[in-house]
Structure formats: structure tokens, C-alpha cells
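There are 2 protein chains.
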Amino acid sequence: MLKLSRLTDYAAVVMAQIARHHQASHTTADLAEAVQLPHPTVSKTLKMLVKAGLLESQRGVQGGYRLARPASQITAADIISAIEGPVAMTECSQAEGECELAATCGVADNWQRVSLAIRTLLESVTLAHLADTAPIKLPVQLPIQSISLSAASA
Amino acid sequence: MLKLSRLTDYAAVVMAQIARHHQASHTTADLAEAVQLPHPTVSKTLKMLVKAGLLESQRGVQGGYRLARPASQITAADIISAIEGPVAMTECSQAEGECELAATCGVADNWQRVSLAIRTLLESVTLAHLADTAPIKLPVQLPIQSISLSAASA
DNA sequence: TAATTGGGTACCATTTTAGTCCTGTATAAA
DNA sequence: TTTATACAGGACTAAAATGGTACCCAATTA
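Going down the list, the protein sequences come from chains A and B. Counting in the numbering used here, the first sequence runs from 11 upward without gaps. Counting in the numbering used here, the second sequence runs from 11 upward without gaps.
Set out below in C-alpha cells:
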């Protein structure tokens with residue numbers, strides 16, 4: 011599936027909700043109500059987002075959560091890595107030289123390039139895009155054959 | 011992590027190994043030895059690849075596995091879905107209209123577009139690319155701002 | 001100082017994943 | 001026709017990740 015975890019999915023929804031009303035501070039209870047998810051689960055998600063620096067929190071009466079920076083400066087990659095860690099397709103695409111199978115693998119290099127391309131794509135999608143009801147504008151994908159490559163991944 | 015499962019990783023390595031010597035038939039034992047993975051695990055992976063129509067098998071003496079079609083016609087997306095099922099980032103990006111949270115979600119549409127872009131990317135990478143030691147040529151990623159969108163996702 | 005609201009941690013249930021094993025069946029060569 | 005080879009299919013188990021919950025503490029403000 012190459013699937014996001016359910017919590018990541020929640021995180022995106024919650025972030026979008028906050029982004030749509032970024033003036034106000036949002037309590038966990040408000041958000042849980044708005045997105046129809048259990049309070050403790052939303053709370054857990056929010057804490058992870060704060061830890062990743064995407065949200066700021068304010069304790070006490072009238073407290074709550076708000077975006078740490080404009081929605082246009084928060085990317086899908088940011089949200090995903092806040093919950094799941096670095097965006098990478100395989101173990102070896104994050105840490106260089108730790109795979110004992112490297113010798114027999116013969117795929118690592120190109121797999122890492124693919125991983126990088128996906129990361130780039132996810133970095134080009136911002137929370138502002140996600141929260142907007144208008145269709146997102148994705149980068150054009152030119153067919154491989156037409157491209158000289160080294161320029162692309164650099 | 012947006013990570014592939016370990017089996018998928020194995021599948022890619024095994025497929026690349028077969029692709030590099032596509033004339034011959036490969037037994038499970040040979041492949042397990044070549045990629046340094048346990049025999050039963052490789053066997054399981056191979057069976058899944060056959061079921062997905064990416065490999066053909068021949069029983070009996072002198073039997074083994076070979077590619078069902080040229081490496082240039084097998085994509086990374088094929089391999090991933092053979093092991094993990096359809097490439098999709100979220101539950102709702104595969105099945106339309108089955109999410110009870112759709113009303114409060116407000117992210118589904120754009121999330122699906124992102125998912126589609128990733129699928130397109132993975133479909134543009136072939137086994138021939140992966141098996142090759144030369145750097146893969148990935149599609150150019152133009153910055154979002156520069157693009158008029160509707161043309162892109164169509 | 002009381003009420004509100006987030007912070008941190010620990011815990012448990014469930015699901016998914018990975019890996020193994022066993023038995024059956026097809027094929028080719030002797 | 002027999003026998004060795006090799007894949008097919010399924011059941012099973014162990015381990016890990018995931019998701020969800022509960023509890024208590026800390027900070028803030030009225």
C-alpha cells in the first residue's frame with residue numbers, strides 16, 4: 011500500500027482544520043468534535059505535531075493550539091515526518107552504509123533516487139494546498155524518456 | 011516513514027537479480043543464495059510475484075522463475091502492488107465514498123491527488139531502471155507555482 | 001486558589017508483518 | 001515408469017508496530 015499510518019492521516023485532517031481558522035486557538039476538545047475523532051487520540055496527535063514544531067501550544071484557560079508558521083510554509087512532508095519519522099521508502103534510503111546486504115542488493119542507489127523524488131513531491135505540497143477546497147496544483151510529470159536526468163535530481 | 015515493507019524491498023532486489031540474467035531460469039535456492047536471504051522468505055516473495063503476473067514459474071527439474079515480460083515493461087508500482095496491494099497513501103484514496111469521516115475531513119480530495127502523483131511517479135520507474143547500475147533518470151519536478159494545474163493531473 | 005487546558009508516561013489490545021514448515025503437484029531426465 | 005527436482009498452497013507462530021486509553025502532573029489565568 012505504501013500507506014500512511016492512520017495517525018498521520020488524522021494529523022493532516024487536524025492540521026487542515028486549524029489552518030482554516032488560523033486566527034483562533036483550538037482546544038483538543040474543539041478539534042476532536044470538529045473532526046469527529048476520539049479526544050485522546052487527537053490529543054496524542056497534537057502533541058506530536060507540537061514536538062515537531064508545526065504547532066504551538068498554550069496552556070491554561072483560553073489556551074489551545076495554533077500553527078507555528080503560516081500554512082503555506084508547512085509541507086505534507088513535514089506532517090508525515092512529524093508522525094512517522096523521516097520520509098523514506100526503505101531502511102537504506104535514510105542511513106547510508108548501514109545495510110549489510112548492500113553488496114548483493116544492487117538496487118539501493120536507484121531506490122534512493124525514487125525515494126528522493128517522492129520526498130521532493132511531498133515537500134512541494136503545503137498545508138495551504140491541503141486545506142484548500144480547490145484542486146491542488148501538482149508538479150508536472152514529464153515522461154522519463156524525455157529527460158536528461160542528472161539535472162533533475164540535483 | 012512512508013516505508014515499503016521489508017518483503018517489498020526483497021521483491022525488488024530479487025526481481026532485479028532475475029532481470030540482470032533474464033535468459034536463464036532461476037531457482038529459489040539460487041536466488042536466495044544470490045541475494046543472501048533465507049530460502050523460505052524468498053520463496054514466499056516469488057510466489058506473490060507469480061500471482062501478480064510479474065514472474066512465470068516452471069516446475070520440475072530445470073524449472074525455476076523467469077520474468078513474465080521484459081524488464082522495461084515492469085514498473086516499481088507493479089512490484090509494490092504485488093506485495094502490498096494497490097499503491098495508495100490513505101484508505102480513502104483507494105475506495106471512493108467509503109469513509110464516514112468524509113464530511114469532516116476536508117482533505118480527501120487533495121490527498122488523493124498527491125497519492126496519484128506518487129503512483130504516476132512509481133509507474134514511470136521500470137525494473138530495467140532499477141536493475142541498471144546507471145543512475146536512474148527521474149521525471150523533472152517543476153515547482154508548483156509555475157504550473158497550471160488542471161493539465162497536470164489529467 | 002480554583003478551573004481550565006496542555007504535557008508526559010505508561011499500559012494494553014489489536015493488527016500487521018515476517019518467517020517457518022508441511023504437504024501436495026508438476027516436470028524432466030534416467 | 002520411476003525418481004529427483006522444484007514450485008504451489010496453506011497453516012501456523014512469533015514478534016513488532018499501531019492505535020487507543022487512562023492517569024497524573026504542570027502551567028496559566030480569572
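A virtual CB, placed ideally from N, CA and C, is assigned to each residue, including glycine.
Bridge pairing for H139(A): absent [DSSP]. Between M99(A) and chain B, the shortest Cβ-Cβ separation is below 8 Å. From the listed residues A34(A), A86(A), R129(A), T100(A), the smallest Cα separation to L59(A) is found for A86(A). G116(A) and A62(A) have their C-alpha atoms roughly 34 Å apart. Taking a cut-off of 8 Å on C-beta distances, the segment 76-91 of chain A does not touch the segment 49-58 of chain A, as fewer than three cross pairs fall below it.
Per DSSP, the beta bridge partners of G74(B) are Q68(B). Counting only Cβ-Cβ distances below 7 Å, A26(A) has contacts in chain B at G116, V117, in chain order. For S91(A), the enclosing alpha helix (DSSP H) has its first and last residue at 86-94.
Using a Cβ distance threshold of 8 Å, I93(B) and A21(B) count as a contacting pair.
By the C-beta density criterion, Q33(A) is exposed, having fewer than 16 other C-beta atoms within 10 angstroms.
In the DSSP assignment, H36(A) forms a beta bridge with Y75(A).
Around the beta-carbon of T143(B), fewer than 16 other beta-carbon atoms lie within 10 Å, marking it exposed.
Look at A44(A): its C-beta is under 8 Å from a C-beta on chain B. If you draw a straight line from the Cα of R69(A) to the Cα of N120(A), it comes to about 47 Å. A Cβ-Cβ distance of about 25 Å is found for the pair M25(B) and L14(A), leaving them out of contact under the 8 Å criterion. Relative to V124(A), the option among V124(B), V23(B), E101(B), L132(B) whose CA is nearest is L132(B).
Using a Cβ distance threshold of 8 Å, T136(B) and S91(B) do not count as a contacting pair. Interface flag for V52(B) against chain A is unset, since no Cβ pair is found closer than 8 Å.
Going by C-alpha positions, A29(A) is about 42 Å away from V23(B).
The DSSP-derived three-state label of S53(B) is helix. For the pair A78(B) and L64(B), the CB atoms are nearer than the 8 Å cut-off. In summary, the residues of the segment 70-102 of chain A whose CB is separated from some CB of chain B by less than 8 Å are A86, I90, E94, G95, P96, V97, A98, M99, T100, E101, in the order they occur in the chain. Taking a C-beta distance under 8 Å as the contact criterion, G74(B) and T37(B) qualify as a contact pair.
Distances from the alpha-carbon of P80(A) to those of S35(A), Q72(A), L17(A), A138(A) put A138(A) closest.
Per the C-alpha coordinates, the member of A118(A), T130(A), E66(A) positioned closest to Q27(B) is A118(A).
According to the DSSP assignment, E133(A) belongs to the alpha helix (DSSP H) that extends over 118-133.
An exposed status is given to Q72(A), since fewer than 16 other beta-carbon atoms sit within 10 Å of its beta-carbon.
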